[in-house]
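Line order of the protein sequences matches chains A, B and C.
The working numbering numbers the first residue of the first sequence as 3 and each following residue consecutively.
The working numbering numbers the first residue of the second sequence as 3 and each following residue consecutively.
The working numbering numbers the first residue of the third sequence as 3 and each following residue consecutively.
Data first, discussion second: the structure below is written as structure tokens.
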Amino acid sequence: MALADSVGDPRFFARSGPHSLATIATLIGAEPLDHPAASQAVTGIAPLQTAGPDDISFLDNKRYAPLLEQTRAGAVIVAPAMRPRVPPDCVALVTPEPYVGWARVAALFHPEPPPNPGIHPSALVAADAEIDSSVEIGPFVVVQSGARIGAHTAIAPFALIGRGVVLGQHCRIGAHVSISHAVIGDRVRLYPGVRVGQDGFGFAITKSGGIPNFLSVPQLGRVLIDDDVEVGANTTIDRGSAHDTRIGAGSRIDNLVMLAHNVQLGRCCVIVSQSGISGSTVLEDFVQIGAQAGLTGHLRIGAKARIGAQAGVMSDVDAGAAVVGSPAMPIKEFFRNVAVLRRLARKGGADKSGG
Amino acid sequence: MALADSVGDPRFFARSGPHSLATIATLIGAEPLDHPAASQAVTGIAPLQTAGPDDISFLDNKRYAPLLEQTRAGAVIVAPAMRPRVPPDCVALVTPEPYVGWARVAALFHPEPPPNPGIHPSALVAADAEIDSSVEIGPFVVVQSGARIGAHTAIAPFALIGRGVVLGQHCRIGAHVSISHAVIGDRVRLYPGVRVGQDGFGFAITKSGGIPNFLSVPQLGRVLIDDDVEVGANTTIDRGSAHDTRIGAGSRIDNLVMLAHNVQLGRCCVIVSQSGISGSTVLEDFVQIGAQAGLTGHLRIGAKARIGAQAGVMSDVDAGAAVVGSPAMPIKEFFRNVAVLRRLARKGGADKSGG
Amino acid sequence: MALADSVGDPRFFARSGPHSLATIATLIGAEPLDHPAASQAVTGIAPLQTAGPDDISFLDNKRYAPLLEQTRAGAVIVAPAMRPRVPPDCVALVTPEPYVGWARVAALFHPEPPPNPGIHPSALVAADAEIDSSVEIGPFVVVQSGARIGAHTAIAPFALIGRGVVLGQHCRIGAHVSISHAVIGDRVRLYPGVRVGQDGFGFAITKSGGIPNFLSVPQLGRVLIDDDVEVGANTTIDRGSAHDTRIGAGSRIDNLVMLAHNVQLGRCCVIVSQSGISGSTVLEDFVQIGAQAGLTGHLRIGAKARIGAQAGVMSDVDAGAAVVGSPAMPIKEFFRNVAVLRRLARKGGADKSGG
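Pasting the structure below:
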């Protein structure tokens with residue numbers, strides 16, 4: 003199975019086009035075009051390596067700049083600094099935010115299909131659920147009593163929308179998602195297998211019977227997810243215990259992340275995959291957490307703080323700080339430690355072999 | 003979407019009450035009440051910050067003691083040491099285990115609804131499955147041939163109870179759970195998306211064909227889950243290969259945990275989220291494992307040992323020991339290493355800039 | 003619930019046999035048998051501890067050699083070096099690859115049932131999907147428009163085979179799996195809860211509105227999974243953004259692994275549970291990644307490289323290299339660092355208490 007790379011395989015993606023370069027330049031706010039081919043149109047998008055004269059491509063990561071010089075693309079979206087490296091036959095669309103431009107152009111050529119309104123006959127929707135007529139409810143979906151689903155939202159097969167759950171407008175709920183005890187805003191996307199609203203990990207330890215024994219603590223809070231949040235596949239967000247678990251507007255959460263009960267994320271937080279945040283920890287706005295990082299409970303992470311991949315955070319982090327390591331420390335200190343230990347180990351090894 | 007915090011939102015939770023403080027004191031074994039308002043009743047529960055005069059609250063974590071002094075709650079469950087900090091208008095219910103008391107009171111005001119006996123018409127239950135008449139089987143559940151389900155157990159939508167699986171009494175099986183090759187005791191709770199009984203990660207490497215090649219090893223054991231176990235959302239428990247995978251009574255497993263084939267957990271082990279235990283490792287009773295810790299295979303972890311978050315355990319751990327770090331070491335040694343390295347790095351940095 | 007260990011519990015596994023030791027020796031390529039009991043047959047398989055005279059067992063891990071000397075098994079599969087430790091009443095089947103032999107014998111006694119051809123009446127299969135007549139489609143499966151499923155493939159309950167997805171022959175798709183935007187080869191196994199083909203974690207950050215804002219980047223690639231791949235429970239494989247995500251033939255991926263968009267795995271890579279590989283990182287053939295390891299994006303990992311458990315890999319790794327630690331370093335250097343730090347900490351502690 004040696005398939006060539008493909009962008010926008012028509013089996014999987016809708017297509018539109020061709021679109022003129024002038025239209026595209028306007029769409030992405032690029033500088034005025036000054037190339038002889040600027041009046042032409044392109045029919046598709048492709049990465050630099052495989053793009054042909056009818057395609058538009060882009061460069062964002064400088065690591066791939068050598069590919070730019072060799073591309074056969076008809077046009078390319080680049081930052082100003084890269085303009086000199088664009089081949090002469092290729093029209094440069096210059097913008098300070100080429101990746102943003104790429105996002106817009108990709109969506110132009112491959113628009114996401116709108117929901118297909120209606121309730122699939124195999125779905126089970128409670129009689130008292132309030133479903134806007136524009137909503138798409140897929141096969142084998144279960145919507146329980148009292149749930150409310152806003153306009154233009156689409157629910158994929160096998161999703162469970164639990165009793166009383168509120169979903170806003172223009173949401174996309176993936177296959178096999180389960181949601182309970184939650185109020186969810188507009189334009190929220192939950193990818194397949196996401197778990198929202200199940201019991202948090204809460205139990206009391208009683209010794210009254212002589213040996214330790216665990217007693218479950220009722221988890222009586224909710225999950226509140228604000229507008230424009232995305233949650234990656236198989237991520238779990240437990241509901242609050244005596245408070246609510248909250249995800250601030252615009253936050254982006256990757257796959258296999260664990261958010262424990264009462265966690266609060268501010269606006270536009272970014273949580274990369276396989277990270278975990280323990281109970282009652284609060285992230286202010288614009289916090290970024292790298293992959294596989296872990297935060298203990300009851301912490302406060304200041305706005306715009308950055309937590310590195312695999313960090314183990316055991317105390318509060320100041321706004322704007324960047325930490326990494328386990329236990330987490332300022333990023334400079336971490337790499338200084340690494341370097342010092344390496345130096346000592348080399349000497350130590352020499353001492354040892356010399357001794 | 004700026005919703006106020008809520009405990010026991012009636013859309014999601016049942017309610018009972020009011021309940022008299024005398025009843026509550028008896029329920030939780032609190033000291034006799036000696037407050038003028040002790041004969042009154044409360045109508046609900048709430049955290050310290052939001053509780054009003056008709057609510058009962060609690061304090062367990064000393065970190066939040068300042069909230070106690072300012073609470074408007076009508077009554078509060080506290081440990082003896084906190085009694086002096088309870089405001090004069092607030093009735094103190096004093097107990098050595100306030101969190102246990104809170105668990106009981108929360109369940110009093112918000113009792114979990116019992117199963118609703120019956121098999122949903124959309125469920126597919128094999129003719130030879132043995133289902134107690136008190137069992138609740140939800141929409142789109144599949145129960146395969148020879149499965150047995152004990153009294154008062156409830157199965158949520160989209161769960162798969164595989165061929166021959168045995169489930170005890172009073173279990174709660176969450177949405178989208180899959181169970182195969184397993185025998186499960188009473189009062190076991192599996193949260194949404196749990197995977198029990200699939201093939202372990204077992205293959206032999208053969209070089210007979212010249213290049214290495216993988217040959218799957220049939221996984222012929224089972225998963226045995228004893229009474230009173232809870233398993234968090236999207237956790238995976240593989241079945242044994244030539245032994246059984248075993249989870250001891252009362253153990254609590256959080257979300258996104260990985261338990262490999264032939265792992266054995268003793269009684270009342272606690273495994274926090276995103277931890278992983280490799281094949282054939284044995285945990286004795288009351289072992290605690292912090293979040294994101296990893297244990298290699300074929301180890302023995304002694305009773306009451308504590309493994310810290312993000313630890314990487316590569317050798318046996320003595321009973322009662324506390325280890326952390328990767329590779330794991332005694333907790334004191336770990337933090338001494340951290341401190342020494344920091345000191346050296348500061349000096350080293352000075353040397354370097356001075357050199 | 004004190005159940006004895008069981009191999010091949012008939013509630014869960016098919017059985018065949020008895021089989022003669024001569025047949026078995028031929029099957030596994032063992033040396034010619036020279037034991038008086040070599041003409042006999044065995045009726046089942048069992049681990050060394052529980053096997054009786056009618057059972058065959060095996061020893062692969064030297065750690066368990068003492069069990070060999072005490073086994074009551076009728077026959078045992080061992081490496082040449084272990085032959086002297088086989089008890090006199092036990093027939094030794096000697097082979098350089100005893101674990102491979104065990105895999106073959108276990109499959110002989112407990113063969114995997116073939117698919118049961120047909121489409122369950124509750125399944126929803128699009129009219130234009132191409133399904134071979136030998137395919138098994140279980141209850142509540144959804145197969146969307148344009149999907150193609152090859153001969154002898156079996157699809158478990160609640161699986162979603164998305165629009166246009168291609169599945170090869172002899173595949174096994176577990177319960178609650180979701181697949182979209184993917185082309186999958188022959189003999190591929192996806193365990194329950196696997197997510198294939200959902201959107202990668204891709205967004206552009208625009209500051210055009212004054213404050214940072216996230217704009218989703220359309221994810222227009224696919225997931226290509228080559229022949230003989232296995233993917234563990236609840237693992238997530240995102241589709242490519244402007245390239246394809248690729249999994250090379252024969253690769254084995256454990257549970258709860260995260261493979262981000264555009265990741266490429268070569269042939270026969272092994273990824274142990276809870277590891278994560280960030281976007282666009284390339285693994286050449288035969289790379290092994292231990293549990294809970296993490297790789298940042300845009301790296302190249304050379305053929306046969308080995309990444310240790312919990313490693314944090316931030317730069318390319320040479321072919322054949324073995325690294326561990328976070329940040330990852332050669333394995334020798336890592337353990338030298340650990341030893342040196344321990345030595346310094348002991349001295350440092352002494353200095354401190356002495357100072």
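Glycine included, each C-beta is placed from N, C-alpha and C at the ideal position.
{"Query": "Where L258/C meets chain B, residues with beta-carbon distance less than 9 Å", "Result": "N236, T237, T238, L258, V259, M260, Q276, G278"}
{"Query": "Cβ-Cβ separation, C271/B to L285/B (assumed contact under 8 Å), whole Å", "Result": "5 Å"}
{"Query": "Presumed contact (8 Å Cβ cut-off) between I239/C and V198/C, rounded CB distance", "Result": "5 Å"}
{"Query": "Proximity below 8 Å, CB of E71/B to CB of P89/B", "Result": "yes"}
{"Query": "Contacting residues, own chain, Cβ-Cβ under 6 Å from F160/B (five flanking each side not counted)", "Result": "F142, A177, H178"}
{"Query": "Where H300/B meets chain C, residues with beta-carbon distance less than 8 Å", "Result": "N63, R65"}
{"Query": "Under 8 Å (Cβ pairs) to chain A, residues found in the segment 288–319 of chain B", "Result": "F288, A293, Q294, A311, Q312"}
{"Query": "Beta strand (DSSP E) runs contained entirely in the segment 230–260 of chain B, provided each spans 3 or more residues", "Result": "247–249"}
{"Query": "Proximity test, Cβ basis, 8 Å: R248/B and chain A", "Result": "no"}
{"Query": "Straight-line gap, I303/C to I291/C (C-alpha atoms, nearest Å)", "Result": "10 Å"}
{"Query": "Nonlocal neighbours in the same chain, by C-beta distance under 6 Å from V265/B, ignoring five residues either side", "Result": "T247, I279, T283"}
{"Query": "Distance between G327/B and A330/C (C-alpha atoms, nearest Å)", "Result": "15 Å"}
{"Query": "Closer than 8 Å to chain C by CB, E335/B", "Result": "yes"}
{"Query": "Residue span of the alpha helix (DSSP H) that contains V185/C, given as start and end", "Result": "Looking at the DSSP string, V185/C is not in any alpha helix (DSSP H); the run it does join, the beta strand (DSSP E), is 184–186."}
{"Query": "Classification of N118/B by the beta-carbon crowding that lies within 10 angstroms, buried from 16 upward", "Result": "exposed"}
{"Query": "Residue burial classification, N339/C (beta-carbon count within 10 angstroms, cutoff 16)", "Result": "buried"}
{"Query": "Host alpha helix (DSSP H) of T25/B (start-end)", "Result": "23–30"}
{"Query": "DSSP bridge partner residues for P332/A (one or two, in chain order)", "Result": "V325/A"}
{"Query": "Bounding residues of the alpha helix (DSSP H) (the contiguous stretch that carries L70/B)", "Result": "67–72"}
{"Query": "Under 9 Å from the C-beta of C173/C: neighbouring residues of chain B", "Result": "Within chain B, no residue comes near C173/C; the closest Cβ sits about 14 Å away, beyond 9 Å."}
{"Query": "Residue burial classification, G166/B (beta-carbon count within 10 angstroms, cutoff 16)", "Result": "buried"}
{"Query": "Minimum C-alpha distance to A77/C - residue among A27/C, A105/C, S182/C, R65/C", "Result": "A27/C"}
{"Query": "Candidates S317/B, R150/B, P55/B, of which the one nearest A39/B by Cα", "Result": "P55/B"}
{"Query": "Alpha-carbon to alpha-carbon, V342/C and A352/A", "Result": "Only weak support is given to the placement of A352/A: the predicted model assigns it a pLDDT of 49, under 50, and the value that follows is read from those uncertain coordinates. The alpha-carbon atoms of A352/A and V342/C are separated by roughly 11 Å."}
{"Query": "is_contact[F160/C, chain A] using C-beta, thresh 8 Å", "Result": "yes"}
{"Query": "Within chain B, the residues that V9/C reaches when beta carbons sit closer than 7 Å", "Result": "L222, G223, A244"}
{"Query": "Proximity of R85/A and V102/A at Cβ, strictly below 8 Å", "Result": "no"}
{"Query": "Element boundaries [alpha helix (DSSP H), containing V102/C]", "Result": "100–111"}
{"Query": "Contact set between R197/C and chain B, taken where Cβ atoms lie within less than 9 Å", "Result": "In chain order: nothing, as chain B lies at least about 11 Å away."}
{"Query": "Through-space distance from V144/B to V185/B, alpha-carbon basis", "Result": "17 Å"}
{"Query": "Between the CA atoms of Q221/B and V1/A - distance to the nearest angstrom", "Result": "Outside the modelled stretch of chain A, which goes from 3 to 357, sits residue 1/A, for which no answer is possible."}
{"Query": "Cβ-based burial, K354/A [other Cβ within 10 Å; buried from 16]", "Result": "Note on K354/A: pLDDT 47, under 50, position unreliable in the model; the coordinate value appears next. Answer is exposed; the Cβ neighbour count stays below 16."}
{"Query": "Alpha-carbon to alpha-carbon, F60/C and A295/B", "Result": "32 Å"}
{"Query": "Among I121/B, A16/B, A158/B, the one whose alpha carbon lies nearest that of V115/B", "Result": "With the sequence shown as reference, residue 115/B is identified as Pro, and Val is not the correct amino acid for it. It is A16/B."}
{"Query": "Amino acids of chain B, ordered along the chain, whose beta-carbon sits closer than 7 Å to that of L217/A", "Result": "V102, A105"}
{"Query": "Backbone secondary structure at R269/B - three-state DSSP", "Result": "coil"}
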